[in-house]
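A.B. asks: This is the structure I want to talk about, given as structure tokens.
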Amino acid sequence: MGGTLVGDGAVRITGVNSIRQARQGELTFLSDRRYNQFLDQTRASAVLVTRDIASSTRPIIQVDDPYAAVQAVLKLDDAQPLESGAGIHSTAVVDPSASIADDVSIGPHSVIGSEVEIAKGGVIHAGAYIGAASRIGANALIYPHVTIRERITIGEGCIIHPGAVIGADGFGFSQVDGRHVKIPQAGTVRIGDDVEIGANTAIDRATFGETVIGSGTKVDNFVQIGHNCEIGNHCIICGNAGIAGSTIIADHVVVGAGAGVIGHIEIGAGAMIGGYSGVTRSLRPGEIVFGYPAVEIERSKRMHAALRQLPDALKRLRALEQHIAKPEGDE
Amino acid sequence: MGGTLVGDGAVRITGVNSIRQARQGELTFLSDRRYNQFLDQTRASAVLVTRDIASSTRPIIQVDDPYAAVQAVLKLDDAQPLESGAGIHSTAVVDPSASIADDVSIGPHSVIGSEVEIAKGGVIHAGAYIGAASRIGANALIYPHVTIRERITIGEGCIIHPGAVIGADGFGFSQVDGRHVKIPQAGTVRIGDDVEIGANTAIDRATFGETVIGSGTKVDNFVQIGHNCEIGNHCIICGNAGIAGSTIIADHVVVGAGAGVIGHIEIGAGAMIGGYSGVTRSLRPGEIVFGYPAVEIERSKRMHAALRQLPDALKRLRALEQHIAKPEGDE
Amino acid sequence: MGGTLVGDGAVRITGVNSIRQARQGELTFLSDRRYNQFLDQTRASAVLVTRDIASSTRPIIQVDDPYAAVQAVLKLDDAQPLESGAGIHSTAVVDPSASIADDVSIGPHSVIGSEVEIAKGGVIHAGAYIGAASRIGANALIYPHVTIRERITIGEGCIIHPGAVIGADGFGFSQVDGRHVKIPQAGTVRIGDDVEIGANTAIDRATFGETVIGSGTKVDNFVQIGHNCEIGNHCIICGNAGIAGSTIIADHVVVGAGAGVIGHIEIGAGAMIGGYSGVTRSLRPGEIVFGYPAVEIERSKRMHAALRQLPDALKRLRALEQHIAKPEGDE
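What follows is the structure in structure tokens.
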């Protein structure tokens, strides 16, 4: 790791843990200054630290990036992977017309529909459902209880966490005489390469054409992506966010946790949407917004700071009014 | 369709798509003025348009309602349905006491409990769970991984999307000596006819009696409906909305995406709740509210417009105070 | 029950229901003054009431706590439980290395991984998935379609509702050249005793070490708990709430519905977070906060009351400015 050891180099390390939870025998790391207080309190037997930390009551290893270093250690350790390479479980129901690469693993009680294609290296866990004519790219990892409906395309190296639903009907109805008549959702979903979809997240299929998630984009748990959205490459969509139908999001956009974005707008490349904000208009590339309706973040901060002063300002306004009504000269 | 063709009537159409995504050979439509700019840019080979659009660089068909027209085309096309009519799959576990109509389809690995009734035309997809003594009306469509717990009633023609949970315990506890003691949730859920329940949505069973979803109501993904709620007919509940326990919602109410409604209140018929709003009091019929706490929408707009002016107003207030403290005459 | 009967004691009771939904022959109760109006309107054949209610048009039973009394009645009634005690269903896939206590029930199509331990009294419903080396404490109740990934610890007496996902990967990525590179999530989740986890809720595994849910804590539906969070004992986390990674919540905290809490902060014991609030800083023990960013609740109320007056206040400010610009003496 190119690190510099300060302290006893003979301690034996049996595991890796966070600085607060680490026990004797474990290695930990300190990369966030907010946790500096824990350096001399941790029960860990050694600590990876940045090079500006000179010493501690326990052995330290000074490195350029403690977090990267601990990740490297974890890869050495190779924490036990989920079972894979097990072939097709005898209880899996695989349609004879499906095309499954030789080394694909398919777990118990999973269901693979007609004409499905699963490319090499795929791991489909227990109880996953892949509907007719869907295509799963190489080295995909599909966790238990995922639902992928019919005619969906999933790129290479995608990870889809438990309970995610890809390709359920978009929420589209016409009003006819006070009733909501279902609009057929005839489109599909296309997910690029190296995409991660969080637990219980839902990505609806398009009414026509495709709902798209671009390559390299990471989607957290409980995210709702409406029908016909097009999300760019290398975006981050945090937990509980919702993107309404037909909105287009360019590359490298960050959507904060719990944020909502209305339908039929465009979010420019590199824009950032604050947590629990609500976006009601298109955003320019690089725009950083906050609040509901979301406005440019510095403006949002000024508005909120002003709101905190408002109860006092109302008293001052009342005092001014009284002063004017009864000027000093009248007293 | 009763449309008027303007342009080459000999083009061959092989599919239907949205105006931005359409490729050569596909039919598209233009019903939303926000997309007018795409009319001459689309790669579609023909465009359904409203009658006020006179011409385009590509063939157009003028109709009264382009969206309705394209829906009609889709029905002609009859996009491949999910597999149905397949009978009961050999891996389904169906309790011998269940009563299943002859033409019902039950997918692989689904589980049908004791005394369950499934009426004619039902399609129960792979891995669905229907608990003891639940009743499923005619022509219901239950997608994979749906959980319907025991003693639930689902009306005719309902569609329940993947991962939805109907009839989990309501969230009810009594505080006893600082501990939360579970209140048995002995009630059930009754869903009317022609209801749609979104992916991963949860509708909790009542503590006593029934949680009710009225006929014709459409519920989007990730909606949480608490125990003992009663939702009327023909409502729209958008994605990520949450309705707390024992609230009563009348007919034709619209709840916007991400909105929250507290428990034990009543929402009048035809009321509309804005997206990401929080309703903390009962609403009169037809009331339209926004914000948190939600207020009448015009008032909410005035409040927000005022908030945008507030940072400047505080400066003006300060200027006035200084002016009064040191009147012009003193200068 | 120690109650005092006022009225006809000969009515025959066939069930229990809420005051608004009760039908003839059913017992109901009145414990919430908001429902007093229904006392003489209910169709119930008898009503449990508090001792201050002297009479009604129907038989009443005066008790100290009508809600507790009706709960006691329900326990007498013992509403049919979910099927249990059925042993291991023939379609369950149980790894031979798993250690399952004799009286455990395992439902159809569930999957139990290698080295899993399930202690006595456990009920694992249909289609549940328990990953390798996870340990389930005595008398746990795991509903259908729950996913518990590998190496998770679940305490005694826990109830996990349908579709919940315990131990999916935390949402952690490093930015490398504009790409998001996955950080291995090598930790796990430890859930204490007597915890309830709501339908479709997701509790992510730690990057290192453990995400912790303390004993006696109750978590509602659709709650997102990020990697490395540590939640104390006897907390209440209401529906749709989200707790971002590495946040520490002490005992007896209440998190309101839809509330969000940022990562890497500490919430003191007994703190209360209002519904749909957003907490952006650590909270002291017992602090009660509301709004976004959440502030002390009385301050939040003053801010909101002031905001309601703001449109009018801006008019008054304008009037003052005009008055000053053109003082009375000039008129």
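Residue numbers (our numbering), protein chains in the order written: chain H, 15 to 345; chain E, 15 to 345; chain P, 15 to 345.
C-beta: ideal position from N, C-alpha, C; glycine also.
When you compare the CB positions of residue 346 of chain H and residue 27 of chain H, do they come within less than 8 Å of one another, or not?
C.D. replies: No answer is possible for residue 346 of chain H: the residues shown for chain H start at 15 and end at 345.
A.B. asks: Using the beta-carbon count (16 or more within 10 Å), is residue 189 of chain E buried or exposed?
C.D. replies: Answer is exposed; the Cβ neighbour count stays below 16.
A.B. asks: Which residue from E:107, E:267, E:235, E:205 puts its Cα closest to that of residue 225 of chain E?
C.D. replies: Closest option to residue 225 of chain E, Cα to Cα, is E:205.
A.B. asks: Would you say residue 161 of chain P faces chain H, with C-beta separation under 8 Å as the test?
C.D. replies: Yes - at least one Cβ of chain H is within 8 Å of the one on residue 161 of chain P.
A.B. asks: Does any C-beta atom of chain E lie closer than 8 Å to the C-beta of residue 330 of chain H?
C.D. replies: It does; some Cβ of chain E falls within 8 Å.
A.B. asks: Going by alpha carbons, who is nearest to residue 253 of chain E out of E:220, E:68, E:287, E:282?
C.D. replies: Of the listed residues, the one whose Cα sits closest to residue 253 of chain E is E:287.
A.B. asks: Return no unless some Cβ of chain H is closer than 8 Å to the Cβ of residue 59 of chain E.
C.D. replies: Chain H contact via Cβ: absent.
A.B. asks: Note down, in chain order, every chain E residue with its Cβ under 9 Å from the Cβ of residue 13 of chain P.
C.D. replies: Nothing can be reported for residue 13 of chain P: it is not among the residues displayed for chain P, which extend from 15 to 345.
A.B. asks: When you check each C-beta in the stretch 232-245 of chain H against every C-beta of chain A, which residues fall closer than 7 Å?
C.D. replies: Among the protein chains of the structure shown, namely H, E and P, there is no chain A.
A.B. asks: Alpha carbon to alpha carbon, how far is residue 281 of chain E from residue 262 of chain E? Give it in angstroms, no decimals.
C.D. replies: The straight-line gap from Cα to Cα measures roughly 6 Å.
A.B. asks: Check each residue of the stretch 176-187 of chain E: if its Cβ is closer than 8 Å to any Cβ of chain H, include it; give the result in chain order.
C.D. replies: If the cut-off is 8 Å between Cβ atoms, the stretch 176-187 of chain E has 176, 177 near chain H.
A.B. asks: Which residue comes first and which comes last in the alpha helix (DSSP H) that contains residue 340 of chain E?
C.D. replies: Segment: none, residue 340 of chain E is in no alpha helix (DSSP H) and carries neither H nor E.
A.B. asks: Report the option in H:216, H:45, H:54, H:219 whose CA atom is closest to the CA atom of residue 66 of chain H.
C.D. replies: The shortest C-alpha separation from residue 66 of chain H is found at H:45.
A.B. asks: Are the C-beta atoms of residue 153 of chain E and some chain P residue less than 8 Å apart?
C.D. replies: False, the Cβ-Cβ gap to chain P never drops below 8 Å.
A.B. asks: Quick one: Cα of residue 41 of chain P to Cα of residue 60 of chain P, how far?
C.D. replies: Cα to Cα, the separation comes out at about 5 Å.
A.B. asks: For residue 221 of chain H, count the other beta carbons within 10 Å of its own beta carbon; 16 or more makes it buried, fewer makes it exposed. Which is it?
C.D. replies: Answer is buried; the Cβ neighbour count reaches 16.
A.B. asks: Does DSSP put residue 210 of chain E in a helix, a strand or coil?
C.D. replies: Correct three-state label for residue 210 of chain E: strand.
A.B. asks: So which of P:227, P:43, P:86 has the shortest CA-CA distance to residue 246 of chain P?
C.D. replies: When only C-alpha atoms are compared, the closest one is P:227.
A.B. asks: Exposed or buried, what is residue 244 of chain P when buried is set at 16 or more other beta-carbons lying within 10 Å of its beta-carbon?
C.D. replies: Classification for residue 244 of chain P: buried.
A.B. asks: Which one of H:308, H:242, H:295, H:88 has the shortest CA to CA distance from residue 33 of chain E?
C.D. replies: The candidate whose alpha carbon is nearest that of residue 33 of chain E is H:242.
A.B. asks: Residues of chain P with a CB under 9 Å from the CB of residue 113 of chain H: which are they?
C.D. replies: Result: empty, since nearest Cβ-Cβ is about 25 Å, beyond 9 Å.
A.B. asks: Going by other Cβ atoms of all chains shown within 10 Å of its Cβ, with 16 needed for buried, is residue 35 of chain H buried or exposed?
C.D. replies: It is buried - the Cβ of residue 35 of chain H has at least 16 other Cβ atoms within 10 Å.
A.B. asks: Please state whether DSSP places residue 52 of chain H in a helix, a strand or coil.
C.D. replies: Helix at residue 52 of chain H.
A.B. asks: Could you name the residues of chain E that residue 334 of chain H contacts, counting a contact when the two beta carbons are closer than 8 Å?
C.D. replies: Within chain E, the residues near residue 334 of chain H are 331, 334, 335, 338.
A.B. asks: Just by C-beta distance, which residues in the stretch 292-310 of chain P are closer than 8 Å to chain H?
C.D. replies: Listed in sequence order: 292, 306, 307, 309.
A.B. asks: The beta strand (DSSP E) with residue 194 of chain H in it runs from where to where?
C.D. replies: Counting along the chain, the beta strand (DSSP E) containing residue 194 of chain H begins and ends at 193-196.
A.B. asks: Cβ of residue 134 of chain P less than 8 Å from any chain H Cβ?
C.D. replies: False, the Cβ-Cβ gap to chain H never drops below 8 Å.
A.B. asks: If I follow the unbroken beta strand (DSSP E) through residue 227 of chain P, where does it start and stop?
C.D. replies: Start and end: 224-227.
A.B. asks: Compare the C-beta of residue 258 of chain P with all C-beta atoms of chain H and state if any pair is closer than 8 Å.
C.D. replies: So, interface residue.
A.B. asks: Please list, in chain order, the residues of the stretch 195-218 of chain E that have any C-beta partner in chain H closer than 9 Å.
C.D. replies: Of all residues in the stretch 195-218 of chain E, 208, 210, 212, 213, 214 have a Cβ within less than 9 Å of some Cβ in chain H.
A.B. asks: Listing by chain order, which chain H residues have their CB less than 8 Å from the CB of residue 230 of chain E?
C.D. replies: Under the 8 Å cutoff, chain H gives 193, 194.
A.B. asks: Within 10 angstroms of the Cβ of residue 19 of chain P, are there 16 or more other Cβ atoms? Answer buried if so, exposed if not.
C.D. replies: Residue 19 of chain P should be labelled exposed.
A.B. asks: Could you have a look at residue 310 of chain H and say whether DSSP puts it in helix, strand or coil?
C.D. replies: Strand, per DSSP.
A.B. asks: Going by DSSP, what residue range makes up the beta strand (DSSP E) through residue 189 of chain E?
C.D. replies: Here the beta strand (DSSP E) through residue 189 of chain E covers 187-190.
A.B. asks: Straight-line CA distance for residue 58 of chain P to residue 143 of chain P?
C.D. replies: Between residue 58 of chain P and residue 143 of chain P, the C-alpha separation is close to 43 Å.
A.B. asks: Terminal residues of the continuous beta strand (DSSP E) containing residue 116 of chain H?
C.D. replies: Element bounds for residue 116 of chain H: n/a, residue is neither H nor E.
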